[in-house]
Structure formats: C-alpha cells, structure tokens
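J.:
Residue numbers (the working numbering), protein chains in the order written: chain A, 1194 to 1644; chain B, 1194 to 1644; chain C, 1194 to 1644; chain D, 1194 to 1644.
(1) First and last residue of the alpha helix (DSSP H) that includes residue 1219 (chain A)?
(2) So for residue 1353 (chain D), helix, strand or coil by DSSP?
(3) When you compare each of B:1224, B:1263, B:1262, B:1564 to residue 1250 (chain B) by their alpha carbons, which one comes out closest?
(4) Can the beta-carbon of residue 1221 (chain B) be found closer than 9 Å to that of residue 1209 (chain A)?
(5) May I have the straight-line CA-CA distance separating residue 1356 (chain C) from residue 1333 (chain C), to the nearest angstrom?
(6) Given a limit of 9 Å on CB to CB distance, which residues of the stretch 1615-1632 of chain A reach chain D?
(7) Quick one: complete beta strand (DSSP E) runs, 3+ long, within the stretch 1262-1313 of chain B?
(8) Does the separation of the CB atoms of residue 1281 (chain D) and residue 1361 (chain D) fall below 9 Å?
(9) When you check each C-beta in the stretch 1486-1497 of chain C against every C-beta of chain D, which residues fall closer than 8 Å?
(10) If the criterion is Cβ atoms closer than 9 Å, does the pair residue 1589 (chain A) and residue 1447 (chain A) meet it?
(11) What residues in the stretch 1455-1468 of chain A bring their beta carbon closer than 9 Å to a beta carbon of chain D?
(12) Locate the beta strand (DSSP E) running through residue 1367 (chain D), then write down its first and last residues.
(13) Step through the CB atoms of chain D and report whether any lies within less than 9 Å of the CB of residue 1209 (chain A).
(14) Considering Cα atoms alone, identify which of A:1572, A:1322, A:1514 is closest to residue 1480 (chain A).
(15) Can you tell me whether residue 1577 (chain C) is buried or exposed, with buried defined as 16 or more other CB within 10 angstroms of its CB?
(16) I need the DSSP call for residue 1454 (chain A), collapsed to helix, strand or coil.
(17) In three-state DSSP terms, what is residue 1339 (chain D)?
(18) Got a sec: is the Cβ-Cβ distance from residue 1354 (chain B) to anything in chain C below 9 Å?
(19) Tell me whether residue 1484 (chain B) is buried or exposed, calling it buried when 16 or more other Cβ atoms sit within 10 Å of its Cβ.
(20) Are the C-beta of residue 1243 (chain A) and some C-beta of chain D separated by less than 9 Å?
(21) Relative to the ligand ZN, is the shortest distance from any of its heavy atoms to the C-beta of residue 1596 (chain D) smaller than 8 Å?
(22) Under 6 Å Cβ to Cβ from residue 1490 (chain C), same chain only, skipping five residues before and after it: list those, please.
(23) Beta carbon of residue 1423 (chain D), beta carbon of residue 1395 (chain D): below 9 Å?
(24) Would residue 1358 (chain C) and residue 1310 (chain C) qualify as a contact pair, given that the criterion is a beta-carbon distance under 9 Å?
(25) From residue 1460 (chain B) to residue 1450 (chain B), what distance separates their C-alpha atoms?
(26) Measure from the alpha carbon of residue 1592 (chain B) to the alpha carbon of each residue in B:1217, B:1227, B:1263, then state which is nearest.
(27) Is there a C-beta anywhere in chain C that falls below 9 Å from the one on residue 1198 (chain D)?
(28) Would DSSP call residue 1163 (chain D) helix, strand or coil?
(29) Within 10 angstroms of the Cβ of residue 1272 (chain C), are there 16 or more other Cβ atoms? Answer buried if so, exposed if not.
(30) Going straight from the alpha carbon of residue 1290 (chain C) to that of residue 1486 (chain B), what length do you get?
(31) Take the Cβ of residue 1238 (chain A) as the centre, count every other Cβ of all protein chains shown within 10 Å, and call the residue buried at 16 or more, exposed below.
(32) May I ask you to report which of helix, strand or coil DSSP gives residue 1619 (chain D)?
(33) Quick check: is the beta carbon of residue 1400 (chain A) nearer than 9 Å to any beta carbon in chain B?
(34) Residues of chain B with CB closer than 7 Å to the CB of residue 1451 (chain A), please, in chain order.
(35) Can you list, in chain order, the residues of its chain with a C-beta nearer than 6 Å to that of residue 1201 (chain A)? Leave out the 5 residues immediately preceding and following it.
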C-alpha cells in the first residue's frame, strides 16, 4: 500500500467564530491522506501556537481540547506514518520563531531539490531540528526575507518560495493576521478553497468542504503557480507563469477520496475509466469480477460493465482488526491478509475470477490474496491492475520504494503471473491512458510509470 | 441502524497453549456484533477471573494485557451499546461465586420470559446487580442446582437451562475444567464450533474461525436444543428435541458478517437473493443502482444484475468520523449523514437512481439520504429495501424499537414515499421470501415483519 | 504497610445544586483510605446509575466526566488494592435492581459473620457476582424486605441491617429520594456528617468537610448503632442500644488523616501521645530521633520532646516513584526502600539514631531501613514503634495478614533486634495506652494487639 | 512557588547493557526539578532518536516503552511547566540534524545573552523552531563548527560553548559514540557524575545516583568551566579557568532535594542552618513552630532547636489533590490552600505560632495560610522566612517574576505584616548568611536578594 505525505486544511472565519472545530472537521475529511499524526496551528493572544499529537484526528481533538483552542483562523495538517520517521518532532504544523515574531506552516508534498538546499543551508551553518523537508521552507523564507515577519507581503513570500523551493508543495502558512496558501508551479498536489458567507476554507481536496454543505459554485482551485492570501481584507492572489503541469496521477489512482474532484476530474469516475481500459486491454473469459476492497472497487465496477462479467463480493473487508494479532501458526503467511480481506468461499468456489486492484507496488499482498483465493476454491484467478506498471520511485511526495523493490520493474508479465500464482496478469498501458486523457495527458506526471 | 445483543467466543486448547490470544482474535472477528465493551473470563490459579472494559477489542487487549492473562481455556464476549445501559457492570462475561466455587457466563440473545423469571426470583428475594437478562440464567442455575458447582454435570446444566430459560440464547459457560456451549431449542442465534489438532473453538459465527486457517470440514453447528461440553476428555453432547426452528432472519439481513455462513446459508449470497427479489417485485425504469454502504452492498449487486441497471458508487462511506463533530450550522439536518455517506455528485447528477439499503427501521436516515442525493442533483430516487417492512418489535435479541417508532408500521407505501421525498419505495414481500426459502421458510422467525 | 477497606462520602444538596463535584472533592479528601478504584452512585432521570473505574479519584473524575453526571444527591466510595481482588466488579458503589426499582450501596468495613451469612444465603440459592462482603448486605436487605424499595422506611432498613449484619460497617445507601447512613453498633469505623445551608455531607472522616470551609459546630458524629436518613424532609435518625464500643485503634495509629478527628480524638495528637509513651517506656541514650516519613512523623515529634533527643530528617521521602523501577542489580534488596526513603547521610553518619515508625506488621521494610541507615554510617539504630506489637489478624476491616506473617507474633524483642540488625527495639505497651485513654480504653478494639 | 528550568541525566554503560532504564530511574530521582515533560535521546541503528512526552516520568516510561528503547548510552531531561510555554516542541532533549549526522542536547539553565545571540543569529537568517534558549546552543555549535559532527572533538565543542554561550548551563550532549557534559564557568547549576564498574552516570544532583547504591567516593563534581567526555575510551576532561563562582543559592533554599549535596553542602543541613539564623535574627515569644510542608520542614527543625520552641504539625499536606477542584463557593479564596495544606485545628487553637517557610516570592499563598491558621484559632502568627527577601528577578534559570510582583520589593516589613495579617514577619539577612558561609560566600550568586 502506498502512503502519501499529508493533507492540509485552513480556515479563516470572517465572523470571528472559532475556526478550530472547522479545521478539525476538515482534517477528519482528509484523514485518508495521513493517519500518523495531526495538528493545528492557531493564534492565541497575538501569539501563534501549535497543538499536535500522534494518532487519529478524532482521538486527538476531543471536545475538551477544542474548547481550550480558540482562534478565528487556523491551519491544520494530517501526516502519514513511515518507519523511523514517526517521532512527534516531525509532525506538523511547524511553528517558527524569528525576531520576536512567529509563523506556522503545513505542507503536503516533497521538495525535489531538498538535498541540494539542505547542503547549501548547512554550508551556511543551518541546522535542522526535524527530519522533514518542510523545515527547509522555513529557513529559505527567513534567509531571503530578513525583515520582520509582520512586514512580509504575499508577494514577498510567494516569490521566494516559487523561486527557491522546487516542487512539489501545496502548503499553508499561518501568520498572525492571515493565511497564505501556495501551490507549486507544476501543481503536483491538489489544493482548493471555498468561500462561504462565514469564512474562507482551504483544503487538499474539495471533499473537505462537503461537511459545510458547500455550494459547488463557490469552490475554487488554487492553480499551479498561484498563491492566495486570506485575511480580513478578503482574498488576494498572485500567480506566476505555469506553462507546464505535472499533476500526480497517483492522486487519481489511489490517494484522493473517490468523491473528491481533483485536477478537474472526479476521482471515482476516472478510476472507473481505468477499470474499463483495463478490461479492453486485458479481456479474459471468466465468471466473476472481484474487487480488492476498498480501493479496487471503482475500477472493478467498470471492468465488470465493459467485460459483461458480473461483479461479485468475493472478498470482504474487516474494519476492526487492530495491532494485537498473534498468529497461532507463525509459518502461515496468509493469515494476515485473511484477517483483513477474508474471502467469501461460496462466491469464489469453482469460479474463474478476475481480481481487480487499483495498483501493485511490491506485490507481496497480491501474492497472498491470489493464494488465499485459490485455497478458497477458485478455479482461475486473473489479476487485473487498473493502472500502469509501477517502474520507478517518486521524488514529489509519493512513498514509492526503490526500483529494486518494485515488482514490475524486475519481472515481466509471465514472471508476475508465476510469482502471483495467477492465471494471467494485466495492467493498463500508458498509451491507453493517453487516449483517455487526450489533450490533458501532457499535464500529468507519470514518472513512476516510466522506466 | 439496528444493533444486536452480542457475540460469544470460546477456546479450549488441548495442548495447554494460552487460549487468551485466540479468544481475543475471535472477538475481533465478531466485533461487528458488539462494539461497546469486551471481556474474557479465564482460569488462573484455579480461580475464574474476568478482564473486561468499555471499548473495542483491539484497544482493550493490547500485548501487555495479554501477557498477563494466561489460561489454556477461556470464553469471551463483545457487547453493543444502547443508551442508558452502557455501564461497565452490564458488560460480560459475568463471574459468579457460589459456595467457594465460581463459574462465568457469556450470552448472546434475549430471554423472552425474563420479566416473569425476574418477578418469580424477586418474590424469593433475589436481587440483581446488573440490568442484563443474562444474570437471570445465573440465578436459575443456582436455585435449581444447589450442590457444589464442581459436581454439576453437562446434563444438570443443560436440562435446567432448557427447562427454565426461554429462548433466545446462544451461550457459553466457563467452569474450572471445561466450557459448556448451549443453544436454545429454537436456534434463534447462530453458534458454531471448530475442532483443530490444537484445540476446540466456539464462535457465534463461523467467520470467527477463519483466522485459524480453518478446515471447513471441521466446522460444526451447535444445533438448536443442543449443549456441548469441551474438556480434557474431548467433546460431549446432549440434545433435546427441537421440532420447531426460529432462526432470526435479521442475522441474514443485517447482523452477521457477509462471509459468515449462518443457518446453512452464506450471508452475502442470501442478501444478494433478497436484492434480486426486491428487483423482481419492485421494477423501475432507472439509470443506476446505488448501494447504501456497507450493509446495502450485497443486495444492490443482485438488484443490479436482475434489473440490468448498472450498479454505481453514488455514495461513499467515510470511515474516519469520530464523535467530535461540531456542526457549523445546527439547523442543517443533513450534515451528519453527509459526513458519513458523502454523495459522489458526478455519479448522481441528473440520474434516475435506485437506492438500495438492507432494511429500514425508523426511517430517519433514509429520509436524510434521499434529500441529500436530490440536493446533489439526482433526477429521481427510488428507495428499494432488501427486506420486508419492519412492523413489530423483537423480544429475542434484536434491538428493534416499539411499534410507534417503526415507520413502516404507521405509514403505507404512498406515505413512505412522501416522507422520504422519494419517487417510489419498494420492499421485499414475505411471500417471495417464502418462495426463495421454500421448505426452510418455516424454520425462521419473521416476527418483526408481521403486524 | 497496612491498607484499609475504603472510605465513603455522600452529599444531599438541599438547593438542587449538582452534588457530584462535592462527592468527588470528598473522595479526594478520603483518598488515603483507598487508592485502587473510585466511584459514585447518583440519580439520573429517576434511575440510579453508577460511574466507577480503577485508579485515583482525580484521574477518574475529570471535568468532562463531571459535567455529564448531574444529580442533587449522590454517594461515593474509594477502595484499596489487594492482590487478586482488584477486578472492576469488586469496586463500589454497588447498584442493585429489585422489582423495577434500584438502590446503591457504599461500604467501609468488613462483616464478621460474612461466611456464615454467605453459606446461609447460598443454601437458599443465592449467588454472588462479586467477591465483596458488601454484596451480602444487599441480599440481606432484599430477603428481609420483600416489598418495593420505594416503600422501605429508615426503620425497615436500619433494623434489618442492625439485626442481621455483623459489624464492622459504616455504610451509605442511596435511594431515589434519599441517602441513609448507618454505623454498626460497635462503631468500629468512623462516620460523620456536616450540615450546611446548602446541604448535608457525610464522610468517613471529618477532614472530608474541610474543603467546604466547614463550621466545626455543625459537624456531627453518626453514633455507633445509629442510622441517619437525609432527604428533602431533612434529617431523621434512629438509634439502637449500643452498650459496648469497639473503635478500631488502627484508625488512630495509621489509617486516618492526621488532621481528622475520629472517636473524639485528633489523630495527630494521639499519635504524638503514642510517641511520648514510647519514649517513656523505651528510653535510650541517642543523638537524634528520625521519623519514618510520612506516617511516623507525629509520633517522632513527641518521642523527641519527651526524650529531649532532637528530631532530625535522616530519611527523605521521594514522592515521584512509579511502578517502572528496574533494579540495576537484582540481588540488591535495599534499593526499593532507598528509592522511596533515601537516607540523608550527612545527618545519619556516626549518629546514634532512634528510628520511629507508627507500627510494624511483617517487618520486612523495617529490616531494609535499618540496614540502609547503618550502611549510611549510623553508629546505632534503635527501632521505636509507636504502637503495641501486632499479634493477631483482624476480621473487621484491617488488612492484617495471618499470624504466621506477623513478625512480633513469632519473635521476641531480642529476636526482633537481631532480625532488624538494630541495637534495640521498643514498642508501646497496651497498659500504658490504658493509662493514656483511661475510661475510654474499654471503648476500643485492641484485638490485633492481643495474642 | 518557584520553579526551575530542569534536570539532566546521562548514562554511558561500559558493559553494553541498555542504558534507558537507568536514565529513566535517574529522571525519576530528579523529577522535583521539572514535572511538565520528560524525554530521552538515545542511539538506535546508528541514528540518534528522541522519545519525549508531556507528563511525569513514571507515566511516560512504562515497561512497554522501555523495552522498545535500547541503547547502551543515552541522555534524559525533565522540564517544568510555565504558562504559555508548555507545548511539546519545547520539551527536551532536542535532536539536531546537520550534514546527515545528528546530535542531541539536554540543558539545565538559562542563557544570559540569549536575546543578543538570538538577534545576532536572526540577522544571519537563523530561525527558531522552539521557544527554548537551548536551541541557541545548537545553532552556535554549528555556526562555529562547520565540519561534520563526527569530527567534533571535546575541545571543539567545549571551547565554542565556553566562548560563545553565556552562563547558566549545565548541559549534556549526546553523539553517536559518546556523551559530553559541560558546566558553565560560574557553576550556577550543579552537575555530577558517578563512575561504577558498569558505566558512567551523570546527574544534576548526586541524589540521582542513590538508586545505584552508589559509592560516595566515586561521585565527582563536574567543576565550573569543566567539560567531560564519556565514551568507550573512558573519561576525558578539559577545563577553562574559572576564577569566579556564582552558585545559585536558591538550589539550597528550594530546588534541590534535601538529601542531595550541591556546591559542597548537604541541602537539608544548610536549610537547617538557615532556620537557625532566622531564629537568631528574629526571635519571638511563641508556643509552637509550624513548618509549611514540605519545603519549610528543614528550616523549621532548627528554628525550633535554636528557639527552644517545640516544632508541631500545625499544617498537614494532602498529596492526592488533582486538577479537578470545583470550589463550592468561588468567593472563598482560602479553599485552595485548605485543600493542599489543611490545618490541624487542635494543634493550632489558642496558640502563638511561628510559621516557617523556605522563601516568599509573590506572597499570595502566605497570606492565605496565615488567614487560614487564624481562622483555625491561632492567637498569634509570626511568619518566619528561612531566606533573604526576594528583591530581584533572575536571568540564570530561576523563574522569579518581575520586580513588581515580588512582594518584598515593594513592601517593608510593617507592610508585609499587615498584608499577611501576621503578628510579625522575619527574614534571614544576607549578612548572617555571609557569616555562615564565610569564605564561601563570595562563590554564590545572591542576585535575586539584592535590590
């Protein structure tokens, strides 16, 4: 399973209402983008403060906490967990002090020239208190804007970031009197805002506005290369030229919520289209289409429609499993997957099955699923992946491992088939995605799908 | 949403291995049957002890706790939450002391003659420390078996319970040297056991055995009117005559896990059949079938197949919502449902929709969903319920409210249509279920579907 | 260290204010009487409910919980921890159901005829859901008062308890419209109430009223053999004849707070008197008097005054030690005591020390302290115990172990001296306590001090 | 009550044993120096990691956590809480990244030239992620030592810190292969190490070694201006000239544990001496000496001895109060103090009382105590303070408020008497402390006692 680097949410209430509960609701709506830690930065007594903790949003922000945090504007962040980086000091928002002033930052993305920037800064004697690329942005801002923070203009901030910081970033900055949202010139990660009578709301995905009963006509995309300031004086924008787009295609495939609309497309619908392409490219004579829940569901729906093979719930998904599991038999490798995705044997037995998942990275889970389904009596299992082969790592915010761990990078289709113990394996080709997206194809980043 | 009275799980390890981790895994597999509290009763230093807490299984039983609890046989229980009864003293298993001996009990079901038994016992001066019907069984056993607990035979226990306690009950009793499982003569609630080389496993649903990589040929149903003892000496059974069965049809409709097989039928498949019947009885000209996730999914699949109307993900399900929600606008009634089941507008817009849910009880949620979908642009919404109208309360373990809260009990189809703001409403009739089940129809309890 | 069976606290607010915060404050004041679990029973929507948990009062009852619990009268309980009994089901108050009515009980004490009552009740088929003697009282009440609980009069309740239940008990009963407080005829355990303009307050010790800024003239003892009812109609009392008193002398020696006044005496002052008697009976030529903090402090003060040997802080007390300790050297037996009571070497070195403690039960800690002090350089250590030798167990609420664990029961003074590695050992004799208490001597229970 | 800025503890095990349990034990021993947050920095897989949390040591480091943290050398920190600074990002140790290497720091003290350093660094574009002065040290080190961290020598590190960072600091640095301990040239804060067969232990106070059953001959002071490196190669030291000492006298008066020996003196004994001086300078005809527990106890002992007025427990100390308190009467100002320090009326009544406390800062608590004691019946209350008047704030690590909040800075003795409602007030003069300390007087900082 891939995991992305975060979600960001900001709220500026024009009516002086407490913004924190809205930020918390927004973070809950974005929880799928990061489940390790969550936090908010807010303004209290003319100081910027941060409340953040390891854990899920709904556990961290109970009613008691929220009554204590009061601020009419604030930003928030959810972060995902990877090994060795899960210390509290890496959780966001970050809070910076400079010349008796403060600001805070929440960042979704990964800075391509991070190492270079880091080395450059370290040569100047800069140290880093966190392991996060986001800290670089703080240093860059200060190194280039020596004046007091309260004198920084939108132009100051945006120009420095656009000039010095390589994509990808969709980020929020909290100052004592405003919020600034900035999206990199290539637009790798999505970023939206919503304008209501009561205030401004900024979110990684537009589904973060639904709990507001949002009017779709008042949801705006922050464009690649655009910086937007939200303050008492309303909205102010600047934009640099962005001739080239590089929308992350994995947002469509896996990260974003199905009900979100990112890069101008509904996520569920594009997943369906990918399922359809997969069916066209990899037809097979079979009895049922079985989705790997939850993420493979959308694609499986249209694989079924296109192929006329009925969709069936051959795998359940158990939502209650915790970290407590003690396998009764350590040698048995399939137990973990069986707890999480138990097969429905009566559906599977003696069937020729098309198993549809959204993507395959290392392939270890898929191997276990196929074996489990065969053990449950399936006659044939045809693996269908509703995305191209993942062949390359990512430097812009998707936690794809190195090439030597990417199964499709070192195995051909025949080898994959054998490895998975499947009867056939099929992906979607980039060229059919090209046909699907047409003109828009050039606006996406497919780096991880190209050798 | 209906909620049932619990799940039970028991383990007797023949190889002296610690049974607690298995019980905990089993309870996780049964978590859908009760999410309020969980507990285990086990034998420690020749005493029976209980560890139980409010909360979810995986939170209660961390590794630290499980290392402290060691017993080669044990029983466990998960309980659901209803208002006003969620005190820790009602959580199970119960632990009883009598004449310097102990036993423990875990119960799934509801005793029909509870009030009568209670009055009778109270006349004899018996008091009750809990609000649970289960406590009655303890008193009944002791009142009738005055001798020391360690002299109670399987026959003693089973005969008293079968004679004195009205169904429904699927229950586990833990003694210092054995576990006894008893299912009432009508078989309202399911109960299964599995025999492996290492031990005996008892579970409310057979899906509780899957984590063991269970061999399907060694899974046995504990029959209505049957009592089974698991001990060092193996398995011992007795059975009373059970000429009439009353399997709870709601186990099929809503309670059991889709991958479980209860009352001889796979739960997912029977839900599909109900979806098909619903389509046959309530055809409609429409563009898409939309399931109310997760419970309406199985039925929607076959409604789609039968009707040839494609299934679509018109509603998502957000799994991260907690209890923290602070509505920005208290008057807005649809926000709660929108957080939990956000609509995918691009799927819904301008469509004629068949909305499929597993059942309707009070109807309040359905009303909100229909309104939300219409607000999202649906042209028509046809509500289809993959079960009969719920017309009556239940005295055997399903938390169905009184008749005056059952919307189908006081509204006809036309009124329901108006109340839901739907374009049509359709249920499954009992007679078509009769056709479906054929001979087996008489073995089910349909009390709640009959006025 | 001895540990007693609990503290009880009750509040009836005449002004309809929420009583729960007062009960919680009262339980905090009584926390020294029990630190394992705490709970309150209260009236909500005409039902009696219980909120109880394992842990310390101030952790269990945070502001969030207290806002949810609202009741103008309530009772509470703190309980101590002993091995094997620390399950949540034994924590109080208990909550009873009988004929659709409820009451709750909180008990301090231990019932002498418990086994007999239990057997008698078990012969009638009564079972016990807890391991607590307190449950017996519930059964006794119901067996003897078959009518509805709301018809029970103060006389009904009190007469049954006085007649059927052997001391010791200081207990509170909560009904839907009142609180009843009952103290056994011998008065083993203290019980007080306070009358303010706003309400009635009942407490195991009068120090439980201090946070109310209580007027000492309105604090009343509930007398041995007295039962008091607190309700809307004010206070109603009945009293049985109590010709013989048996006040627990250990309340003076160890249990009660130094600022409390129990059995007509200030606890700190009587401890001082015991220290003085100890000095008179066991004079010694020494350099300093060192108290074993905290409980030995009062006695040491007057040992010092009487002997003219200056008191000195030779031992500190570290209040921050938790349960985390990992000894660097498992063989080193003194480390545990050194963490808790670190010696101040500069005070101790080359000194002849009188070490004063309130009492000695098993003697294991005293042995460690003496060795530790000698290792710190003390020239001589004279152990002085400000109470008589503990020779016998207790059946009325003090957790004194069996005789074979009571060091003074199987060792004479010479042996104790050797065992402790002390230079002398001295106790207070019962006869000098007799002289001290004079007429009042006969009103105390000295059972544990008599062979 | 004053609160100091922290305690530090370090362990280097020569036998490769896990050092973390020792650090945790050490932090528990130093818990009185900081109760807001605690943390450890350790080496794992050749990386430096930090585990820190808000709360008390014994709660943060349970057995489960300690099993996960394994490192044969580590440093730890406890921090106190002041308003507005209690965010997790200010808790220590800090963890720094520079040129793909790491180190960690734990600091006790306050840097006098912090603002100056900060401005200088900010002019160079340095930002601060915390509000802690300690972060400055990190930047200073890197700015001056551009080479890779693993090439830093003891001399490099020590020379930079001694040269650039103004006292006060007693600090520990953790590198991947060693620990460096540094104490500023004036020696404001104490710092000790202990050498055992198994390893090296460093602690703010020598009482941090007692749980090791330490041999007093192997405890060494890290001298003012000294830096000590602990590594596989043993101990290496360098020392700069330190002609002038400035030991913080408040360590004696209030901060350090009574059983600690700091600046060559036992803390309890010097407090006693201060009590004696107070008695000499401020004699009074009275009945009893009453200490304000716990901190006033040592001084009261010798006030009593010197004055021949007996010491008495007129005030208790309740150790169980939490943060839950809801005053029944908000207007009643004395309730808070009454909960914490309940008076023993029988001791106080009709007595002329000498009330001894260690120090007075704002005077608000003292006022409440005097009023409470008078309300409890005291005839006279003579306030005696076993330290000089606090007249000035502190820039070296003691959280003394501004002058306008220091009661002795704006009131003379007559006004203090009236403000406290006392019958007399007496302090210890600096000149009698001069007589007491003799030659050593010049080695202390008395800045806060001088106008």
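Note that the Cβ used here is the ideal one computed from N, Cα and C, for glycine as well. Values in this document were obtained by computation on a predicted structure and should not be read as measured data.
T.: Let me lay it out:
(1) 1213-1222
(2) helix
(3) B:1224
(4) no
(5) 10 Å
(6) none
(7) 1266-1272, 1287-1291, 1294-1301
(8) no
(9) 1490, 1491, 1494
(10) no
(11) none
(12) 1363-1367
(13) no
(14) A:1572
(15) buried
(16) strand
(17) coil
(18) no
(19) buried
(20) yes
(21) For the ligand ZN, the structure offers nothing, since it holds no ligand at all.
(22) 1484
(23) yes
(24) yes
(25) 7 Å
(26) B:1227
(27) no
(28) Outside the modelled stretch of chain D, which goes from 1194 to 1644, sits residue 1163 (chain D), for which no answer is possible.
(29) buried
(30) 40 Å
(31) exposed
(32) strand
(33) yes
(34) 1506, 1509, 1537
(35) 1270, 1299, 1301, 1365, 1397
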